[in-house]
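Below you'll find the structure, written out as structure tokens, and then a few comments.
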């Protein structure tokens, strides 16, 4: 099969490299430049993420900014060390320029606005640092909103609304994965630009709090945003294999999301389904979909084009 193009919306590889003292070029995790070398084009959102007990920096008032800068430095260091293979990008034009040069495109995201102190005033610096997307919450509720796990009935606070408005002014994508449903609907009401759910599945297929209801999927489609299919076994559910992932894809397609579904593997952040243990196994999924009768244009949009559209 011809080399496939891949644009994935979420991985925790930066945090893993930092914790394990490993590099981006070659490591024992799910994503490395060695693993992605066979792709025709490769673009990836790399999340900066931490939580108590994961990096040694508890998320107290005096350490949040430190954790952000430590992880940002790790990301920039790894990109610089591998400048012949990967470059930081903020837009589709920059990514397309990188891939024409035979290099991967690295998009930077922040998972959990607590890394920025949930402070709208820090967004200017985040934009200057190259942040392209921010997940408003991780599993913990924060000043901006409740999450899918904590205070799920709480939507955006006044600060949360200010935060979202400023993100849009700065052309930083609002990411609603992990957000409370109440917070989601507040974002949907406020949004003037496409927003994304970088790594979430369909709740009607597998009833997990991290997955999206049909109504939420419809709202993202209406907003011309993107939903990244998550390969974490707990969110895929069912038989926890390619057939189960296909069920989530089919539901999004049934709701009219052919232009709104992408990859959001959650690599290096979870146990993915057996069929997709590492990112270099993605051609297996591509071939699987073709064998099951999906048009190649639909598969190409899923794997690359739909996510590229929202970073234009």
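Numbering (the numbering used here), first residue to last: 29 to 340. Just so you know, even glycine gets a beta-carbon here, dropped at the ideal spot from N, CA and C. Predicted, not measured: the structure shown is a model, and the values here were computed from it.
Item	Value
Segment contact, 8 Å Cβ cut-off, at least three pairs: the region 275-294 with the region 220-239	yes
Assigned exposure category for residue 324 - 16 Cβ within 10 Å defines buried	exposed
Residues that residue 139 bridges to, as DSSP identifies them	163
Contact check, residue 118 vs residue 158, beta carbons under 8 Å	yes
Cβ separation of residue 103 and residue 76, assumed to be a contact under 8 Å, to the nearest whole Å	7 Å
Every unbroken beta strand (DSSP E) inside the region 29-65 [3 residues or more]	33-36
DSSP state of residue 301 mapped onto helix, strand, coil	coil
Boundaries (first-last residue) of the alpha helix (DSSP H) holding residue 203	Per DSSP, residue 203 belongs to no alpha helix (DSSP H); it is in the beta strand (DSSP E), 201-203.
Three-state secondary structure assigned by DSSP to residue 313	helix
Stretch pair the region 208-225 + the region 178-187: three plus CB contacts closer than 8 Å	yes
Beta-carbon contacts of residue 150 that lie in its chain and below 7 Å, excluding the five residues immediately before and after	144
Rounded separation between residue 305 and residue 33 - CA only	18 Å
When 78, 307, 176 and 65 are compared against residue 46, the one with the closest alpha-carbon	78
Residue 329 beta carbon less than 8 Å from that of residue 286	yes
Cβ separation of residue 164 and residue 202, assumed to be a contact under 8 Å, to the nearest whole Å	7 Å
Spatial distance of residue 223 from residue 66 (CA atoms)	30 Å
Close Cβ partners of residue 161 (< 6 Å) along its chain, the five nearest in sequence each way excluded	137, 201 and 203
Alpha-carbon to alpha-carbon, residue 331 and residue 217	28 Å
Under 8 Å between C-beta atoms of residue 255 and residue 228	yes
Beta-carbon proximity list for residue 155, same chain, < 7 Å, skipping 5 on both sides	198 and 200
Residue 246 to residue 284 span [Cα, whole Å]	8 Å
Residue ranges of each alpha helix (DSSP H) within the region 242-289, 4 or longer	242-250, 261-264 and 270-282
Neighbourhood of residue 70 by C-beta distance below 6 Å, restricted to the same chain and skipping five residues each side	34, 64 and 132
Close beta carbons around residue 100, own chain, < 7 Å, minus the five adjacent residues each side	76 and 157
Simplified DSSP state of residue 216, which is helix, strand or coil	helix
Residue 57 beta carbon less than 8 Å from that of residue 296	yes
Chain-order list of residues whose beta-carbon lies under 6 Å from that of residue 253 (same chain, five-residue window excluded)	222, 223 and 224
Cβ-based burial, residue 214 [other Cβ within 10 Å; buried from 16]	buried
Residue 171 versus residue 193 - alpha carbon distance	15 Å
Element boundaries [beta strand (DSSP E), containing residue 72]	69-76
Inter-residue Cα distance where the pair is residue 85 and residue 318	Any reading at residue 85 needs caution, since the residue's pLDDT is 49, under 50, leaving its predicted position unreliable; the model's value is listed next. Taking the straight line joining both Cα atoms gives about 45 Å.
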